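Notes for the one structure printed next.
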Amino acid sequence: MRNFVNERSASLKPSGIRKFFDIVSEMKDAISLGVGEPDFITPWHIRNAAVKSIQRGYTQYTSNRGLLPLREHIARYMSERFGVDYDPSHIIVTVGASEGIDLVMRAVCEPGEEILIPDPCYVSYAPCVQLAGGVPVHLPCTKENGFILTPAQLESAITKKTKALILPYPNNPTGAVMTREQLEAIRPVLIKHDLLVISDEIYAELTYGGKHVSIASLEGMRERTVVINGFSKAFAMTGWRVGYVCSPPAIDEALFKIHQYAIMCAPSASQYAALEGLKDGFTDGFAVVESMREEYDKRRRFMTSFFNEVGLSCFEPRGAFYVYPSTQSLGVTGEAFANGLLRAEKVAVVPGDAFGDAGKFHVRCSYATSMANLDTATSRIADYVRSIR
């Protein structure tokens, strides 16, 4: 029988995150710092809104774009929280931010066109570019520069084939953020070369020591930026699978057609839950989000201090819920460290090279777990470091 799998699919590497998650799920007494999922339960009022929607029989398809009241609240949220105005008719409610990433790549990539991706970054970007026929071009970002993208680096990577830049800040796995000044610095380069920006802002609410700035809010950028966001991280709604895409009209039309054919609409109960999250947030100043962020902040400081104290140099994250310590002082790669730690101490972390080649001597640890788990995990990590030093 001939091989029915196309070359693009066959060439994809399996997720480096999921491999460790699957091992931990079958290992007794193991602690996972691997998967980026809030340990908080979705707030009750949000869950209850979904339950009530089902009880009332709201179980049919919604409009393809999503519930109009939800899109109206997303538009208000984007305007009041981040200073970017969108018409609800140019917002698409998606099956998580992940669908949004896939939608954008399929809508904009022509065969052979290059999409610039800061490295390290979320694992799905490059595969989605490849599946859409594009060419992912990785831009190594270093700790010395705060893991941000500099204007000179961006300029040097652009060719005649370059079409877009993925802007993944706050960043997974490093926790880096780009300030308004840093975004303003790359803005002229983007405009000069007429590039599209695909801004993944899923961690926008999880920033520490400052407010998230969307590049779409800068002068001249809204019309060349697609913003991808969702409810998974800030509202502890990972399993609900509800996100959204805000885009300029010309791109929105293409995104919408793909979404119509491939998905139809996001789950109705999830949309009612998301709507309740935003409605309640506007009423109480997003107190639920703020309380989760404060707890993450405590864990962030604890984990950063721990790794620096045991000699694994660790950049201080300014967003998301990950730390990204270096294993170079031990003379081992992140892959070797992660495998050894899992075998010896039953603690799972993710090798940094799962997020790009720049992460060869790093590991990513999620602090989206309880302080009790973090206490136990760090004690085991300290024992392992001593044993191999």
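The numbering of the sequence shown is numbering that gives the first Met the number 0, which starts it at 0 and goes up by one. For each residue, glycine too, the CB sits at the ideal point set by N, CA and C. Every value quoted in this text rests on a predicted model; they were computed, and no experiment measured them.
- According to the DSSP assignment, Tyr-271 belongs to no beta strand (DSSP E) but to the alpha helix (DSSP H) extending over 267 to 283.
- Put simply, the backbone Cα of Ser-97 is about 27 angstroms away from that of Gly-208.
- Cβ neighbours of Val-212 within its own chain (closer than 8 angstroms, five residues either side excluded): Phe-81, Met-177, Thr-178, Arg-179 and Leu-182.
- Pro-247 carries a coil assignment under DSSP once its states are collapsed to helix, strand and coil.
- 8 angstroms or more divides the Cβ of Ile-380 from the Cβ of Leu-329.
- Across the set Ala-49, Trp-239 and Arg-70, the C-alpha of Trp-239 shows the shortest separation from the C-alpha of Glu-36.
- Beta bridge pairing from DSSP links Tyr-366 with no other residue.
- If one requires a minimum length of 4 residues, the alpha helix (DSSP H) runs lying completely within the segment 58 to 140 are 67 to 81, 95 to 107 and 124 to 130, in chain order.
- When C-alpha distances from Ala-265 are compared across Val-287, Ile-100, Gly-65 and Ala-106, the shortest belongs to Gly-65.
- Around the C-beta of Pro-110, fewer than 16 other C-beta atoms lie within 10 Å, and the residue is accordingly described as exposed.
- Leu-153 is positioned such that its CB atom lies no closer than 8 angstroms to that of Ile-197.
- When secondary structure is reduced to three states using DSSP, Ser-198 falls in the strand class.
- The alpha carbon of Val-92 has as its nearest neighbour, out of Val-34, His-258 and Tyr-57, the alpha carbon of His-258.
- With a beta-carbon spacing of about 14 angstroms, Tyr-323 and Pro-139 fall beyond the 8 angstroms limit used to define contacts.
- A residue is called buried once 16 or more other Cβ atoms fall within 10 Å of its Cβ, and Gln-270 is buried on that count.
- By the criterion of a C-beta distance shorter than 7 angstroms, Ile-190 is surrounded in its chain by Gly-219, once the five residues flanking it on both sides are discounted.
- Contact between Val-348 and Ala-215 fails: their C-beta atoms lie close to 33 angstroms from each other, not under 8 angstroms.
- Where Thr-303 is concerned, the enclosing alpha helix (DSSP H) starts and stops at 286 to 308.
- In the DSSP assignment, Ala-163 falls within the unbroken beta strand (DSSP E) covering 161 to 166.
- Put simply, of Thr-206, Met-302 and Pro-187 the residue whose alpha carbon is nearest the alpha carbon of Ala-175 is Thr-206.
- Between Val-136 and Ile-114, the C-beta gap is smaller than 8 angstroms, which places the two residues in contact.
- Of the candidates Gly-229, Gly-351 and Ala-343, Ala-343 places its Cα closest to the Cα of Met-26.
- Under the 10 Å beta carbon count, Tyr-321 is surrounded by 16 or more other beta carbons and is classified as buried.
- The C-alpha of Arg-1 lies about 47 angstroms from the C-alpha of Leu-69.
- Close CB contacts of Arg-298 within its chain, under the 7 angstroms cut and outside five residues either way in sequence, are with Tyr-366, Met-370 and Leu-373 (chain order).
- Contact check for Val-225 and Val-244: beta-carbon distance about 6 angstroms, within the 8 angstroms limit, so the pair qualifies.
- For the pair Lys-345 and Asp-28, the CB atoms are nearer than the 8 angstroms cut-off.
- Beta-bridge partners assigned by DSSP to Pro-350: Val-362.
- Distance check between Ile-90 and each of Pro-316, Glu-71, Asp-118 and Ser-14 places Glu-71 closest, using alpha-carbon atoms only.
- When only Cα atoms are considered, Ser-78 and Ile-227 end up about 15 angstroms apart.
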